[in-house]
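Novice: Chains as they are written, first to last, in the numbering used here: chain P, 4 to 207; chain V, 4 to 207; chain S, 4 to 207. Backbone N, C-alpha and C define an ideal beta-carbon position, used for all residues, glycine too. If you're wondering where the values come from, they're calculated on a predicted model, not measured in any experiment. Have a look at the structure that comes next, please.
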Amino acid sequence: MDTKPSSTTLLALSSFLLLFFLANSQPSHDQHHNYPRKPRPQRRAIPKPCKELVFYFHDIIYNGKNSRNATAAIVGAPAWGNRTILAGQNHFGDVVVFDDPITLDNNLHAPAVGRAQGMYVYDKKEVFTAWLGFSFVFNSTEHVGTLTFAGADPLMNKTRDVSVVGGTGDFFMARGIATLMTDAFEGEVYFRLRVDIKLYECWW
Amino acid sequence: MDTKPSSTTLLALSSFLLLFFLANSQPSHDQHHNYPRKPRPQRRAIPKPCKELVFYFHDIIYNGKNSRNATAAIVGAPAWGNRTILAGQNHFGDVVVFDDPITLDNNLHAPAVGRAQGMYVYDKKEVFTAWLGFSFVFNSTEHVGTLTFAGADPLMNKTRDVSVVGGTGDFFMARGIATLMTDAFEGEVYFRLRVDIKLYECWW
Amino acid sequence: MDTKPSSTTLLALSSFLLLFFLANSQPSHDQHHNYPRKPRPQRRAIPKPCKELVFYFHDIIYNGKNSRNATAAIVGAPAWGNRTILAGQNHFGDVVVFDDPITLDNNLHAPAVGRAQGMYVYDKKEVFTAWLGFSFVFNSTEHVGTLTFAGADPLMNKTRDVSVVGGTGDFFMARGIATLMTDAFEGEVYFRLRVDIKLYECWW
């Protein structure tokens, strides 16, 4: 038997390469040029993240007595509210500004690896729920850079997903999903949040 | 004539494959590694969306008398304003928090398929214009998940585009453009907005 | 010597094409389907932007006396603050709404090519730092469309990066990084910011 490939074999291989390339290029093409996609079956496979991170952050709301420790303050309130007690009707209308320490575990006094900075508004009368806009500002041996988050936080749910809309530094151009969980709270002053960050777009 | 391809033909085909691949890989390469693009001609073809959705949402601003129906409240105002009447100077400086029902048609009393939650600030003295940050929180038989929006809303324009900056659940990692239209309003209390959502990045 | 390529050469070429294609397709594949990436070496090459823009914008905060010129107003403040003087403790808790002219050079009186519209919150007690959400609304011969920004602004730093989270019109679907620099300020009333915008996702 001849060990050399025939010309026909080569043609087949080349054709295979062509088909292979076309088949593989399709998803990329769709992604960028947006030809309509066929609906996928109901049970979708969640893609694997390109980076996963878990942090805790700690929100201590100013209540008129804790100015030394407070990391958050009510700065806007509806006509029926004030700025030292969260408003009635599930805090509807309260605007809170925060600068909370980020820790690697659930200990408030662990060394902070960064700060969670931004705002939330309680946006519903009937139930506790908020809209969040904030950034994680990292400045540790591990990470330097920021991640910016936005989304709805129906905070009575065990877990709730917000969007990671951008990043800088180590998180250059990142996008993803952050799952928030209320890990602990004390009255209406201390809230500890756990956040599981899954990035699905990583540039490096 | 010989039906078998000559070696020369094969070389040509292989070269074609190489060129074809290089030509096709270029857009994808550009997209990710960002070599500068050549300017395109003025009239650009708008890409086809990977998903299109139309909704209405209904904003009833608290005016001191309608607390039962109100879905929005003024929570911040400049020094010259207050929180039960929208400020003068085109409401410049008013911060409004909302939790509005989303419907499939323009009827306020149609079953809500979700809630539009977030905030807007009137940001200009000379003319009505606002900056928006909000999410659609869907919880219907049709959709479960969120879409998050941000952008300027020059609300005296017939249509204005804001960015869809992220999504979760059924709208996992989505991006796109939302076109807002004031569909109806009554005085300075009720506003009905139509929103045409066009997603250009769909993960499923 | 025979000038025609041997079959072996052709096979090698085809194999090369296959390998070449696989190697090149990997980044695109990673980007979209998110297989985990290998960590890159510490010194990363910053990708080349697909578009670069430089602008100045001018923030004149209302101080109770300058209502004719002011482009920004304090609209939220913590319990210890008010809305005509920025609060103590590094303005922690102040919410500022703005509509600032954008110019091509550092001259406040140069023709505006658009408006910077949105809000910032001073979010830290110990040092000046803010969280920003705003859009550039362009309407000039050069550009029509918007860019939307979000992120932390540790404004005592010489430069600070925020995320470009979306765009419309000429900046359809754009993403990138904006570097803010305080170019000049007068007291606590006038701030001139220089912003270097680098887009890394351009759709046209």
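Note down, in chain order, each residue of its chain lying with its Cβ closer than 6 Å to the Cβ of G148/S, except the 5 sequence neighbours on either side.
Specialist: If we look at G148/S and ignore the five residues flanking it on each side, its Cβ neighbours are F141, T171, G172, D173 and F174.
Novice: Three-state secondary structure (DSSP) at N142/S?
Specialist: Strand.
Novice: Cα separation between F194/V and V165/P?
Specialist: Approximately 27 Å between the Cα atoms of the pair.
Novice: Work out the CA separation of Q120/S and D102/P for me, nearest whole Å.
Specialist: Approximately 23 Å between the Cα atoms of the pair.
Novice: Cβ of Y65/V less than 9 Å from any chain P Cβ?
Specialist: True, the Cβ-Cβ gap to chain P drops below 9 Å.
Novice: DSSP three-state call for A181/S: helix, strand or coil?
Specialist: Note: A181/S maps to strand in three-state DSSP.
Novice: Give a yes or no on whether the C-beta atoms belonging to F58/V and I105/V are separated by under 9 Å.
Specialist: For F58/V and I105/V, yes; Cβs fall inside 9 Å.
Novice: Spatial neighbours of I200/P within its chain, please: C-beta separation below 6 Å, excluding the five flanking residues on both sides.
Specialist: Within the same chain, I200/P has close Cβ partners L56 and A181.
Novice: What whole-angstrom Cβ distance do A187/S and D156/S have, given they're in contact under 8 Å?
Specialist: Incorrect: roughly 16 Å between the Cβ atoms, too far for contact.
Novice: Report the option in T185/P, E191/P and G136/P whose CA atom is closest to the CA atom of G169/P.
Specialist: Measuring from the Cα of G169/P, the nearest candidate turns out to be G136/P.
Novice: Can you grab the Cα-Cα spacing for the pair R71/V / A82/P, in whole Å?
Specialist: Going from the Cα of R71/V to the Cα of A82/P covers about 15 Å.
Novice: Residue range of the beta strand (DSSP E) that K201/S falls in?
Specialist: Residues Y193 to E204.
Novice: Can you say whether D108/P is buried or exposed, counting buried as having 16 or more other CB atoms within 10 angstroms of its CB?
Specialist: When all chains shown are included, D108/P counts as exposed.
Novice: When you compare each of D126/V, R118/V, C205/V and A177/V to K127/P by their alpha carbons, which one comes out closest?
Specialist: Of D126/V, R118/V, C205/V and A177/V, the residue nearest in Cα terms is R118/V.
Novice: When we look at the beta-carbon of T144/V and count the other beta-carbons within 10 Å, is it buried (16 or more) or exposed?
Specialist: Under this definition T144/V is an exposed residue.
Novice: Between A133/P and chain S, is the shortest Cβ-Cβ distance under 9 Å, so that the two count as touching?
Specialist: Output row for A133/P: interface = no.
Novice: Determine the contact status of V100/S and A76/S, defining contact as a CB-CB distance below 9 Å.
Specialist: It is a contact, given that the beta carbons lie within the stated cut-off.
Novice: For M122/P, write down the residues that DSSP places opposite it in a beta bridge.
Specialist: Per DSSP, V100/P and G136/P.
Novice: Roughly how far, in whole angstroms, is the beta-carbon of P50/P from the beta-carbon of W206/V, given that I think they are within contact range, below 8 Å?
Specialist: That pair is a contact at about 7 Å.
Novice: Could you tell me the alpha carbon to alpha carbon distance between L202/V and A177/P, rounded to whole angstroms?
Specialist: Roughly 19 Å separates the two Cα atoms.
Novice: Give, in chain order, every residue of the region 94-107 of chain S whose Cβ lies closer than 8 Å to some Cβ of chain V.
Specialist: Listed in sequence order: V98, V100, F101 and D102.
Novice: Over the uninterrupted beta strand (DSSP E) stretch that includes A76/S, give me the two end residues.
Specialist: A75 to G79 is the span of the beta strand (DSSP E), which, as asked, contains A76/S.
Novice: How is D108/P classed by DSSP in three states: helix, strand or coil?
Specialist: Three-state DSSP puts D108/P in coil, outside helix and strand.
Novice: Chain V partners of G154/P, CB-CB under 8 Å?
Specialist: Residues of chain V passing the Cβ test: S138, T149, T151, G169 and T171.
Novice: Output yes if chain V places a C-beta closer than 9 Å to the C-beta of F58/S; else output no.
Specialist: Answer no: the Cβ-Cβ gap between F58/S and chain V never drops below 9 Å.
Novice: Out of curiosity, what's the CA-to-CA distance linking N69/S and D62/P?
Specialist: C-alpha separation (whole angstroms): 36 Å.
Novice: Is the distance from the Cβ of V167/P to the Cβ of L183/P below 9 Å?
Specialist: No.
Novice: Hey, M159/V and F139/V: beta-carbon distance below 9 Å or not?
Specialist: Not closer than 9 Å, so no.
Novice: Let me make sure I understand the geometry here. Which of T185/P, E191/P and H112/P has the alpha-carbon closest to that of K161/P?
Specialist: Among T185/P, E191/P and H112/P, the Cα nearest to that of K161/P belongs to T185/P.
Novice: For G179/S, count neighbouring C-beta atoms within 10 Å of its own C-beta (all shown protein chains included) and say buried if the count is 16 or more, exposed if not.
Specialist: It is buried - the Cβ of G179/S has at least 16 other Cβ atoms within 10 Å.
Novice: Distance check for F60/V and H112/V, CA to CA, integer angstroms please.
Specialist: Each residue's Cα considered, the two are about 11 Å apart.
Novice: With a threshold of 9 Å between beta-carbons, can V192/V be considered close to chain P, or not?
Specialist: With 9 Å as the cut-off, V192/V does not count as an interface residue toward chain P.
Novice: Which residues does DSSP list as the beta-bridge partners of S166/P?
Specialist: The partner list for S166/P (beta bridge, DSSP) reads A153/P and I180/P.
Novice: Roughly how many angstroms separate the alpha carbons of E189/V and N110/V, rounded to a whole number?
Specialist: Looking at the two C-alpha atoms, the distance is approximately 14 Å.
Novice: What are the start and end residues of the beta strand (DSSP E) that includes D62/P?
Specialist: Start and end: K54 to I63.
Novice: Is V213/S helix, strand or coil when you go by DSSP?
Specialist: There is no way to answer for residue 213/S, as the model of chain S reaches only from 4 to 207.
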